[in-house]
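The sequence shown begins at 13 in my numbering and counts up one residue at a time.
See below for the structure under consideration.
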Amino acid sequence: MNKLKNLSEGSFLKLLFGFLSACFLIAAVCMPDRGTMLSGFWKILITPCKVTTNYFSLGGYAATFLNMGLVGLLSLLLFIVFKGTPNNASTLAVILTVGFGSWGINVLNILPTMLGVVVYGLVKKEKMGGLVNAMLFSTGIAPLITELLFRYPGVEVIGFNWLGLGLALLVGLIIGFFLPAGLAHSPKVHKGFDLYSAALPIGMTAFFLNATLYKTMGLDVNALPLLGDMSVASPMIVNVFCCVVFGLCIVFAFLLGCKPKDYWKLLTDPELVTNFSSTYGNATFLMNVGVFGLFILGYYNLIGANFNGVTFGIIFCMLATCNSGSHPGNVWPIMLGYAVASVVFGWLSPLVGGKFAYQINAQAIMVGLCYANGLSPIADKYGWRYGFIAAIMHYLLVTSVPTLHGGYCLYNGGFTAALICMILVPELEKFFKTKEERKLVKAGK
13 MNKLKNLSEG SFLKLLFGFL SACFLIAAVC MPDRGTMLSG FWKILITPCK
63 VTTNYFSLGG YAATFLNMGL VGLLSLLLFI VFKGTPNNAS TLAVILTVGF
113 GSWGINVLNI LPTMLGVVVY GLVKKEKMGG LVNAMLFSTG IAPLITELLF
163 RYPGVEVIGF NWLGLGLALL VGLIIGFFLP AGLAHSPKVH KGFDLYSAAL
213 PIGMTAFFLN ATLYKTMGLD VNALPLLGDM SVASPMIVNV FCCVVFGLCI
263 VFAFLLGCKP KDYWKLLTDP ELVTNFSSTY GNATFLMNVG VFGLFILGYY
313 NLIGANFNGV TFGIIFCMLA TCNSGSHPGN VWPIMLGYAV ASVVFGWLSP
363 LVGGKFAYQI NAQAIMVGLC YANGLSPIAD KYGWRYGFIA AIMHYLLVTS
413 VPTLHGGYCL YNGGFTAALI CMILVPELEK FFKTKEERKL VKAGK
């Protein structure tokens, strides 16, 4: 245990990534449908996965856990092979990518864009270890790669073919090659208030490619059906798995020396902290993984979520920001904003003759809330009321954004969060004071 306490941040994060991957792989062989695990996994690999696809329905529970575990191992392997040192952004990249392993990503459709980043590194002569995060973030457009590989330009799946393989590889290489520049520029646009920063360049790329490959060509992207019956779900499997994994994180955090006062400091720190593991230490960060994970799980249980592959995945997609700035103390205003917006517009819609479909437990709204979580820095810096307002704005916009990128950007909600930042942050900076500025005014300074 002493060795674990003294691990560097990078080594500790590698261990965490390995632990999470092992949990998924162990769960895969414990699932009741493990007998069809390999056939289901193959189906996940070769079936289009345009947002939103329920892998629990498409391939089965065992195959979904297997895919998530293998995606996690591949992510860890990239850091090992390229000698990269994980940091807070790596935590976001790895857990986010693994989370999508249950509804849009597989170990096949993430390879072309990763290869594109590798080509970028070779051309620019940059160390590959520093580009691993970019490789992982490039996977946010994985559903488009699958579409190009197996059925572009039609609706019917035609399987592996040379044209599809060439097109998927070419587009993937182009996306991956130009992404690092976009990742570096993105924080300048949203000023650090969108924790899902990679969503902006990925979303804009998907927007451009949707227009180029589909709209301009006269192809009806809406004719491409969503796959995977959303009713195939298991609250028991999801709850048991998450409670065990997050519970173990809390136990290990205590064993590593985290005390309640240490975690309380993280929750109440007046500063805007964006790297928990380096600021508060590995043990306190791990405590946030466990507590924040259970907090997210509790919320989705409270609203009556249908625990299919998508809902299961977004628990981890939301948890991904656990080392970049999110915790229960600054996320609850986001959740409250979504809940209030659902009630208010559910009441207003019938009054104007509308057919309201965005209840708080609607699939699109649950996914939206996951990425509205990325706006938590607004609540941190300006106060919970402004996080509440940002959440309502995100609720109103998130279901309309997929028409821009055709459902090929997995980071849809993060992309929406960036748009909200572009609208809201300039007004906050112009007309409102931060929490710290208000304290100084109150103190008469």
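Positions of the beta carbon are idealized from the N, C-alpha and C atoms, including for glycine.
field: Buried versus exposed, by CB contacts within 10 Å (16 or more), HIS197
entry: exposed
query: Can you list, in chain order, the residues of its chain whose CB lies under 8 Å from that of LEU279, leaving out five sequence neighbours each side?
result: HIS339, PRO340, GLY341
task: Kindly indicate which three-state DSSP category GLU283 falls into: helix, strand or coil?
output: coil
field: Simplified DSSP assignment, three categories, for SER361
entry: helix
- prompt: Should GLU441 go down as buried or exposed, given a rule of 16 or more other Cβ atoms within 10 Å for buried?
  reply: exposed
message: Restricting to Cα atoms, I'd like to know which of LYS15, ASN335, VAL257 is closest to LEU306.
response: VAL257
- prompt: Can you tell which of TYR407, VAL106, LEU25, VAL364 has its C-alpha closest to the C-alpha of ILE346?
  reply: TYR407
Start-to-end residues for the alpha helix (DSSP H) that takes in SER23: 21-42
message: Can you check which of these residues, ALA218, ASP206, ALA317, THR228, is closest to PRO247 by C-alpha distance?
response: ALA317
message: Suppose you measure from the CA of SER361 to the CA of ASN385; what does that come to, to the nearest Å?
response: 25 Å
message: Since GLY52 and ALA74 should fall inside the 8 Å C-beta cutoff, what is the C-beta to C-beta distance between them, to a whole number of angstroms?
response: 7 Å
- prompt: Does the distance from the C-beta atom of ASP206 to that of ILE432 stay below 9 Å?
  reply: yes
query: How big is the Cα-Cα spacing for ALA245 and PHE266?
result: 33 Å
- request: Mark GLY72 as exposed unless 16 or more other C-beta atoms lie within 10 angstroms of its C-beta, in which case mark it buried.
  value: buried
Cα-Cα separation, GLY366 to ALA295: 50 Å
message: List, from N- to C-terminal side, the alpha helix (DSSP H) runs of 4 residues or more that fit wholly inside the stretch 348-409.
response: 375-384, 388-394
query: Between the beta-carbon of ASN99 and the beta-carbon of GLY22, is there less than 9 Å?
result: yes
- request: Could you tell me whether the stretch 175-187 touches the stretch 147-159, where touching means 3 or more Cβ pairs closer than 8 Å?
  value: yes
- prompt: Is LEU182 helix, strand or coil when you go by DSSP?
  reply: helix
message: Cutting at 6 Å between CB atoms, please list the residues of its own chain near PHE77, excluding the five before and the five after it.
response: PHE36, ALA39, ALA40
message: Would ALA403 and LEU381 be called neighbours here (beta carbons separated by less than 9 Å)?
response: yes
Span separating the alpha-carbon of PHE319 from that of VAL379: 12 Å
- prompt: How big is the Cα-Cα spacing for GLY310 and ILE326?
  reply: 13 Å
field: Extent of the continuous alpha helix (DSSP H) run through TRP54
entry: 49-58
- prompt: Taking buried to mean at least 16 other C-beta atoms within 10 Å of its own C-beta, is SER20 buried or exposed?
  reply: exposed
task: Rank LEU108, PHE189, TYR67, PRO165 by C-alpha distance to the C-alpha of THR224 and give the top, closest one.
output: PRO165
Span separating the alpha-carbon of ASP392 from that of PRO282: 8 Å
task: Please name the residue, chosen from LEU127, TYR398, LEU212, that lies closest to ASN424 on a Cα-to-Cα basis.
output: LEU212
- prompt: Do GLY111 and TYR67 have their C-beta atoms closer together than 9 Å?
  reply: no
field: Check whether ASN79 and ILE56 have beta carbons under 9 Å apart
entry: yes
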